Ligand code: MV4
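In this note's numbering, the protein residues as written are 3 to 496.
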């Protein structure tokens, strides 16, 4: 196992990785931008180094700076988390040159899956069902018209360098096609520097179901069941759950073995996710994510695995923890993403100072967060401040536990998505489990009305808990008390 690794990320995921390090006796090296000097993760790390200006390009995306810190601190490996450099093949390439291990798949695999046309081609070759569509970039207008005609409208135009929803356009009739191609190309060119686009049949109101893969460097590959991530808004996932409400042991066996085949056909190693679109009993490969995902804790909750620990062990050339037969799904887990956004105002970002903070607890409740009371959320990065994960013996218990945990969760000073989640947990449509990717749009009005209602219902609880917060001026005194405690116990500190 490694002695020391660098975590090239920030916020809750940096802490998540550092926690696994601490349990495995690995020293963690944090890197932080000027905007993150006071962030929890920079304090949690065994050592932390500044990497410059807040703009991601100048800090968290700066491979040279990060590798420099890795070398100087003696880190043997780098964990990229999600976002930032996680799916940038250049990080792996540079690590290789410096003799540092990247905790993830080979860079060539990251590169291949990052190009969505290549990914489709490779999957089709491996016998994985893909959405009907093209296996090469569209260059010719006449050809585009013929292909769309043969697939049948509606179709969807996607950027090959895209993914995650950026650079996509739905076309319902022939008249719009050429104009839509033109605009998708120019979006793709400016967003990714690559104007290559392709066409797929548009699957209406699909479910987004993804399989967690674990693959060691000795050829063993397993899946750890699925997550359903259909509750999203503008391609931002808001709620994820595992297992999928529609899953049966037979379907899991079928989709899971295809996901394993997908990963094995490209020589995949480490943790990864195979995404599928599911509609009316049919499912299609969508994308492969070559990183640990935001929603990984729900898989941990139903399988008992520690996915980040497995990532570290796999990267250190250990064998997989378990065989496919040893993976059992137990109960139901739900994750709500708590973002500093105002759900009553079109989810407008709302960074700023957290003046009061109390996170929920109790049986079956997990909070992965990067914030604390009096912390100021910087405006440079995404707005997610924490993830609330609950486990229950079944879906209904998980939903009522989530509703209970949300009622305990108090964040003052910034608007958050907590009211949205409360409304969702109260939604009869959500309870029914008939989820699809347009759920939030479809039930917008109902959700909006419920938000105001549930916020009113919880007002009294919020008021009572508010009085237990530490007055801001007392924080300095507590901080001094903690310092003297630490000094007095310095010898027992690891
Ligand atoms: C699709 C689709 C329907 N048909 N492809 C959105 C994110 C990116 N990963 C691919 N996405 C979609 N691709 C075909 N052929 C619908 C979506 C989609 C979606 C997929 C997963 C989760 C949320 C979504 C929200 C809107 C659209």
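We put the CB at the ideal spot given by N, CA and C, even for glycine. On a predicted model such as this, the values are computed, not experimentally measured, just so you know.
Check, Outcome
"Hey, would you say the C-beta of residue 289 is under 8 Å away from at least one heavy atom of the ligand MV4?", "yes"
"Is it the case that the CB of residue 155 approaches a heavy atom of the ligand MV4 more closely than 8 Å?", "no"
"Report all residues for which the CB-ligand distance to some heavy atom of the ligand MV4 is below 5 Å; order them along the chain.", "133, 158, 167, 202, 204, 205, 210, 234 and 439"
"Would you identify the three-state DSSP class for residue 156, choosing helix, strand or coil?", "coil"
"Is the Cβ of residue 423 closer than 9 Å to any Cβ of chain B?", "Annotation note: the requested chain B is absent from the structure, which comprises a single protein chain."
"What residue range is occupied by the uninterrupted beta strand (DSSP E) comprising residue 370?", "367-371"
"How about residue 379 and residue 356: do their beta carbons lie closer than 9 Å?", "yes"
"Do residue 50 and residue 31 count as a contact pair if the criterion is CB distance below 9 Å?", "yes"
"Does residue 421 come out as helix, strand or coil in the three-state DSSP assignment?", "helix"
"To which residues of the same chain is residue 188 closer than 8 Å at the C-beta, ignoring the five residues directly before and after it?", "197"
"How about residue 375 and residue 401: are their beta carbons less than 9 Å apart?", "no"
"Can you round the beta-carbon distance between residue 35 and residue 15 to whole angstroms, since I take them to be within the 8 Å contact cut?", "Not really, about 15 Å apart at Cβ, beyond 8 Å."
"Can you check DSSP and say which residues form a bridge with residue 58?", "DSSP, once it has assigned bridges, lists no residue as partnering residue 58."
"Can you tell me which of the three DSSP states residue 358 falls into?", "strand"
"Which two residues bound the contiguous beta strand (DSSP E) that contains residue 120?", "It is not in any beta strand (DSSP E) - residue 120 instead sits in the alpha helix (DSSP H) that spans 118-127."
"By a C-beta neighbour count over all protein chains shown, 10 Å radius and 16 as the cutoff for buried, is residue 451 buried or exposed?", "exposed"
"On the CB-based measure, 16 or more other CB atoms within 10 Å of its CB, does residue 291 come out buried or exposed?", "buried"
"In chain order, which beta strand (DSSP E) runs of at least 3 residues are fully inside the region 316-343?", "334-341"
"For residue 61, tell me which candidate among 75, 47 and 39 has the shortest Cα-Cα distance.", "39"
"For residue 351, collect the residues of the same chain with a Cβ closer than 7 Å to its Cβ; drop the 5 residues on either side in sequence, then sort them by chain order.", "342, 343 and 385"
"Which partner residues does residue 287 have in the DSSP bridge list?", "132 and 278"
"Would residue 457 and residue 424 be called neighbours here (beta carbons separated by less than 9 Å)?", "yes"
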